[in-house]
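Asker: Be aware that the sequence shown starts at 1, since it is given in UniProt numbering, and climbs by one per residue.
Quick reminder that beta carbons are idealized off the backbone N, C-alpha and C, glycines included.
Supplied in structure tokens, the structure appears directly below.
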Amino acid sequence: MSEIGIKVADTRYFKNVLYYFKRDKLAFLGGAIVIFFALVGIFAPYIAPHNPVAVDLQRRLLKPSLEFPLGTDQLGRCMLSRLIYGTRTSFSSALVVLAGILAIGVPLGILSGYVGGWIDNFIMRLADIVLTFPSSIVALAVVGIWGTSILNIMLVLVLLWWAPFARIVRGTVFKLKEMDFVMAAKAAGTSRLNIIVKHILLNAVSPIIVLSTLKVASIITHIAGFSFIGLGTQPPAADWGIMLNDSRQFISSAPRLMVWPGLTIMIVVFGLNMFGEGLNEALRPNSN
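Here it is in structure tokens:
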């Protein structure tokens, strides 16, 4: 197997990656933030102090207290509970979108890079066309036809954001298929499917992981943005974008309503970007 293949498959390589994260404080901090919010989303029902959609107008706009650590919103709902459940909404939506993007982009990238010829030209021209469509305008068109729904927004992101993955995977496969270990597998009579799965896909994992981590940050930001303008997640569901939208009219009297979800989005995006950049450096073949 090639040097890259050895590094991907060797457990010592992952120990080197962990060592890199210990040295890079920002990357380590980013990873800690991502893990923290992922755990918050997973265990949201167990750590949220209140029902995130329970309305109590007698407790509206309360300041932070022991009962409500971040206060309550204009409908008397616990801000902390809504932030916690908003984490679950944001991460689960982002992961579903990412899974859809990978399901389209990775196979097309492998097919394009490995087969080449007219198939490569067709897939790459299709990717070029997809990249010309702005997601916001397409989302508005889809919502205008099928109505406001987070599922419609997620579908738009999947159909438009697979192209960068296909391009990166295609470039990686294009290089890998000419390497000695792939040529040796071909000479040994290994089937095309086994070559792709056991040799090429294994060695293309690193750039896919890095791009996926960075893309999740963009997905979360876009979903929150669409929810903010009323096109994504719909009330009364707990969502960071909805919380920002609901708090606009109280920006002068109760600015904390906008600060908490805005700060949460900023921290999550920062953590994902730092974690992704750290992975990008740590997973380079010549970085360890």
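Mind checking whether residue 150 and residue 139 have CB atoms under 8 angstroms apart?
Answerer: Along the sequence shown, one-based indexing puts residue 150 at 150. Along the sequence shown, one-based indexing puts residue 139 at 139. Cβ atoms of residue 150 and residue 139: not closer than 8 angstroms.
Asker: Could you tell me the boundaries of the alpha helix (DSSP H) in which residue 221 lies?
Answerer: Indexing the sequence shown from 1 puts residue 221 at position 221. Note, residue 221: alpha helix (DSSP H), 205–228.
Asker: Tell me which residues share the same chain as residue 8 and place their Cβ nearer than 8 angstroms to its Cβ, disregarding the 5 neighbours each side in the sequence.
Answerer: Along the sequence shown, one-based indexing puts residue 8 at 8. Model confidence at residue 8 stands at a pLDDT of 44, short of 50, so the residue's coordinates are unreliable; what they give is reported in the following sentence. 202, 203, 205 and 206.
Asker: Going straight from the alpha carbon of residue 105 to that of residue 56, what length do you get?
Answerer: In the sequence shown, counting from the first residue as 1, residue 105 sits at position 105. In the sequence shown, counting from the first residue as 1, residue 56 sits at position 56. Straight-line Cα distance between these residues: approximately 46 angstroms.
Asker: Could you pull the start and end residues of the alpha helix (DSSP H) that residue 309 belongs to?
Answerer: This structure cannot settle anything about residue 309, because the visible part of the chain is limited to 1 through 288.
Asker: Is the separation between the beta-carbon of residue 239 and that of residue 73 shorter than 8 angstroms?
Answerer: Sequence index remark: in the sequence shown, residue 239 carries index 239 (1-based). Sequence index remark: in the sequence shown, residue 73 carries index 73 (1-based). The answer is no: Cβ separation not under 8 angstroms.
Asker: What would DSSP say about residue 233, mapped onto helix, strand or coil?
Answerer: Within the sequence shown, numbered from 1, the residue matching residue 233 stands at position 233. Coil at residue 233, not helix or strand.
Asker: Would you tell me roughly how many angstroms separate the C-alpha atoms of residue 65 and residue 71, rounded to the nearest one?
Answerer: Numbered from 1 along the sequence shown, position 65 holds the residue referred to as residue 65. Numbered from 1 along the sequence shown, position 71 holds the residue referred to as residue 71. Roughly 7 angstroms between the two C-alpha positions.
Asker: Looking at the structure shown, is residue 87 part of a helix, part of a strand, or coil, going by DSSP?
Answerer: For the purposes of this step, residue 87 is taken as the residue at position 87 of the sequence shown. If DSSP states are grouped into helix, strand and coil, residue 87 belongs with the helices.
Asker: Once DSSP output is grouped into helix, strand and coil, what is the label at residue 240?
Answerer: As a first step, residue 240 is located in the sequence shown; it is residue number 240 there, counting from the start. Residue 240: helix per DSSP, three-state reduction.
Asker: Determine the contact status of residue 41 and residue 274, defining contact as a CB-CB distance below 8 angstroms.
Answerer: Here residue 41 is taken as the residue at index 41 of the sequence shown, counted from 1. Here residue 274 is taken as the residue at index 274 of the sequence shown, counted from 1. Against a cut-off of 8 angstroms, the Cβ pair of residue 274 and residue 41 comes out as no contact.
Asker: Spatial neighbours of residue 224 within its chain, please: C-beta separation below 6 angstroms, excluding the five flanking residues on both sides.
Answerer: Position 224 of the sequence shown holds residue 224. Only 240, 241 and 265 meet the Cβ criterion.
Asker: Quick one: what does DSSP say residue 40 is sitting in, helix, strand or coil?
Answerer: Counting from one through the sequence shown, the residue named residue 40 turns up at place 40. Correct three-state label for residue 40: helix.
Asker: Assign residue 37 to one of two classes, buried (16 or more other C-beta atoms within 10 Å of its C-beta) or exposed (fewer than that).
Answerer: In the sequence shown, residue 37 corresponds to position 37, counting from 1. Counting Cβ neighbours within 10 Å, residue 37 comes out buried, since at least 16 surround it.
Asker: If residue 200 and residue 182 are in contact, beta carbons under 8 angstroms, what's the gap, nearest whole angstrom?
Answerer: Stepping through the sequence shown from its first residue, residue 200 is reached at position 200. Stepping through the sequence shown from its first residue, residue 182 is reached at position 182. Indeed, because the Cβ distance is near 7 angstroms, the residues count as touching under 8 angstroms.
Asker: Would you identify the three-state DSSP class for residue 72, choosing helix, strand or coil?
Answerer: Taking the first residue of the sequence shown as position 1, residue 72 is located at position 72. Residue state, collapsed to three classes: strand.
Asker: Compute the beta-carbon to beta-carbon distance between residue 61 and residue 254, rounded to the nearest angstrom, for a pair I have assumed lies under 8 angstroms.
Answerer: Here residue 61 is taken as the residue at index 61 of the sequence shown, counted from 1. Here residue 254 is taken as the residue at index 254 of the sequence shown, counted from 1. Sure, about 5 angstroms apart at Cβ, within 8 angstroms.
Asker: Counting C-beta neighbours from all protein chains within 10 Å, is the total for residue 167 16 or more, i.e. buried, or is it exposed?
Answerer: Taking the first residue of the sequence shown as position 1, residue 167 is located at position 167. It counts as buried.
Asker: Do residue 129 and residue 196 come within 8 angstroms of each other at the CB atom, strictly closer than that value?
Answerer: As a first step, residue 196 is located in the sequence shown; it is residue number 196 there, counting from the start. As a first step, residue 129 is located in the sequence shown; it is residue number 129 there, counting from the start. No. Outside cutoff.
Asker: Compare the beta carbon distance of residue 170 and residue 227 with 8 angstroms and say whether it is the shorter of the two.
Answerer: For the purposes of this step, residue 170 is taken as residue 170 along the sequence shown, with counting starting at 1. For the purposes of this step, residue 227 is taken as residue 227 along the sequence shown, with counting starting at 1. Taking 8 angstroms as the Cβ cut-off, residue 170 and residue 227 do not qualify as a contacting pair.
Asker: With 16 other CB atoms within 10 Å as the buried threshold, where does residue 184 fall?
Answerer: The count along the sequence shown starts at 1 and reaches residue 184 at position 184. Residue 184 comes out exposed.
Asker: Excluding five sequence neighbours on each side, which residues of the same chain lie with their C-beta closer than 6 angstroms to the C-beta of residue 63?
Answerer: Within the sequence shown, residue 63 is the residue found at index 63, counting from 1. Contacts found: 71.
Asker: By how many angstroms is the C-alpha of residue 116 removed from the C-alpha of residue 122?
Answerer: Here residue 122 is taken as the residue at index 122 of the sequence shown, counted from 1. Here residue 116 is taken as the residue at index 116 of the sequence shown, counted from 1. C-alpha separation (whole angstroms): 10 angstroms.
Asker: Does the distance from the C-beta atom of residue 282 to that of residue 17 stay below 8 angstroms?
Answerer: As a working note, residue 282 is residue 282 in the sequence shown. As a working note, residue 17 is residue 17 in the sequence shown. Cβ atoms of residue 282 and residue 17: closer than 8 angstroms.
Asker: Alpha carbon to alpha carbon, what distance is there between residue 190 and residue 177?
Answerer: To locate residue 177, count along the sequence shown from 1; it is residue 177. To locate residue 190, count along the sequence shown from 1; it is residue 190. So the two alpha carbons sit approximately 13 angstroms from each other.
Asker: Note down, one range per segment and in chain order, each alpha helix (DSSP H) of at least 4 residues found wholly within the region 88–143.
Answerer: If we require 4 residues or more, the alpha helix (DSSP H) runs fully inside the region 88–143 come out as 117–131.
Asker: Using a 10 Å radius around the Cβ and a threshold of 16 neighbouring Cβ atoms, would you call residue 193 buried or exposed?
Answerer: As a working mapping, residue 193 is identified with position 193 in the sequence shown. Label assigned to residue 193: exposed.
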